[in-house]
Amino acid sequence: DVVLTQTPPTLSATIGQSVSISCRSSQSLLDSDGDTYLNWLLQRPGQSPQLLIYSVSNLESGVPNRFSGSGSETDFTLKISGVEAEDLGVYYCMQATHAPYTFGAGTKLELK
Amino acid sequence: QVQLQQSGAELAKPGSSVKISCKASGYTFTSYYISWIKQTTGQGLEYIGYINTGSGGTNYNEKFKGKATLTVDKSSSTAFMQLSSLTPDDSAVYYCARDLADWGQGTLVTVSS
Chain B
1 DVVLTQTPPT LSATIGQSVS ISCRSSQSLL DSDGDTYLNW LLQRPGQSPQ
51 LLIYSVSNLE SGVPNRFSGS GSETDFTLKI SGVEAEDLGV YYCMQATHAP
101 YTFGAGTKLE LK
Chain Y
113 QVQLQQSGAE LAKPGSSVKI SCKASGYTFT SYYISWIKQT TGQGLEYIGY
163 INTGSGGTNY NEKFKGKATL TVDKSSSTAF MQLSSLTPDD SAVYYCARDL
213 ADWGQGTLVT VSS
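The listed protein sequences correspond, in order, to chains B and Y.
For the first sequence, this note's numbering assigns the number 1 to the initial residue and increments by one for each residue that follows.
For the second sequence, this note's numbering assigns the number 113 to the initial residue and increments by one for each residue that follows.
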């Protein structure tokens with residue numbers, strides 16, 4: 001199975017600060033169809049996960065544009081440009097290129 | 113708007129089975145696959161598999177073959193997941209999701225004697 005390694009496991013930020021989360025894959029996530037199925041999700045406390053970004057860099061409808069994703073092959077990054085209070089929670093990367101789909105262990109974003 | 117309403121919490125005995133439902137509304141049910149995901153504190157998020165709501169075709173994570181069975185009832189726009197031969201390791205919150213973009217609220221399954 002593809003292993004996704006997220007760093008850091010915990011991130012402390014102040015409101016307005018920009019932060020980045022890394023997700024490294026044990027295999028290339030470039031699919032034979034040319035797409036790269038690396039997604040980012042946020043799980044706020046007590047809530048279900050929600051999709052933020054799909055296929056590396058595409059913002060899901062309704063997601064603020066302070067979120068952005070980048071990367072290729074095995075190295076991916078989620079950036080939040082100006083953290084807001086509603087952004088607190090656990091961020092997960094998830095790959096859907098190789099079966100079985102797998103998730104990273106999560107990065108918890110806390111207020112400093 | 114899109115909604116996925118899951119059935120309530122289950123308390124089950126080891127060796128028994130439970131069947132969780134996921135009722136969809138706000139979109140054409142048969143146009144999107146439904147995925148099922150397991151969440152535990154220890155193992156994090158695990159992808160169980162998906163069902164093609166139009167054809168009923170399924171795709172399972174090998175780890176969950178024999179454990180989970182995915183079905184749909186198109187007449188009621190509801191997807192189901194049955195978990196069999198339950199052990200304490202099956203205790204978790206289980207989510208259904210439409211294309212991973214819309215998630216149910218989760219169903220807590222507790223396996224205990």
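Each residue gets a CB set at the ideal place from its N, CA and C atoms; glycine is no exception.
Contact belief for residue i with residue j at Cβ below 8 Å, rounded distance in angstroms
| i | j | result |
| --- | --- | --- |
| Y:THR165 | Y:ILE146 | 6 Å |
| B:THR10 | B:LYS108 | 5 Å |
| Y:GLY161 | Y:PHE141 | At roughly 18 Å, the Cβ-Cβ gap does not stay under 8 Å, so Y:GLY161 and Y:PHE141 are not in contact. |
Residue j beta carbon less than 8 Å from that of residue i
| i | j | result |
| --- | --- | --- |
| B:TYR91 | B:GLY69 | no |
| Y:LEU157 | Y:ALA136 | no |
| Y:LEU220 | Y:ALA121 | yes |
| B:VAL56 | B:LEU42 | no |
| Y:VAL130 | Y:LEU212 | no |
| Y:ILE163 | Y:ALA191 | yes |
| B:GLN17 | B:CYS93 | no |
| Y:GLY127 | Y:SER197 | yes |
| Y:MET193 | Y:ILE132 | yes |
Own chain, CB closer than 7 Å to residue i, minus 5 neighbours either side, in chain order
| i | result |
| --- | --- |
| B:ASP1 | PRO100, THR102 |
| B:LEU59 | ILE53, ASN65, PHE67 |
| Y:VAL114 | GLY138, TYR139, ARG210, ASP214 |
Member of the options whose CA lies at the smallest distance from the CA of residue i
| i | options | result |
| --- | --- | --- |
| Y:TRP215 | Y:LEU182, Y:CYS134, Y:SER197 | Y:CYS134 |
| Y:GLY154 | Y:ARG210, Y:SER128, Y:ASP202, Y:LEU212 | Y:ASP202 |
| B:ARG24 | B:ASP75, B:ASP31, B:LEU30 | B:ASP75 |
| B:GLU110 | B:GLU84, B:THR77, B:GLY34 | B:GLU84 |
| Y:SER167 | Y:THR183, Y:ILE132, Y:PRO126, Y:ILE149 | Y:THR183 |
| B:GLY104 | B:GLN47, B:GLY82, B:SER81, B:THR77 | B:THR77 |
| Y:PRO200 | Y:LYS186, Y:THR222, Y:GLU174 | Y:THR222 |
Nonlocal neighbours in the same chain, by C-beta distance under 8 Å from residue i, ignoring five residues either side
| i | result |
| --- | --- |
| Y:GLN151 | LEU157, GLU158, ALA204, VAL205, TYR206, TYR207, GLY218 |
| B:PRO45 | LEU88, GLY89 |
| B:LEU30 | THR36, SER72, GLU73, THR97 |
Beta-carbon contacts of residue i that lie in its chain and below 6 Å, excluding the five residues immediately before and after
| i | result |
| --- | --- |
| B:LYS79 | SER20, SER68 |
| Y:SER224 | none |
| B:GLN27 | VAL2 |
With 16 other Cβ atoms within 10 Å as the buried cut-off, status of residue i
| i | result |
| --- | --- |
| B:ILE15 | exposed |
| B:PRO8 | exposed |
| B:GLN95 | buried |
| B:SER48 | buried |
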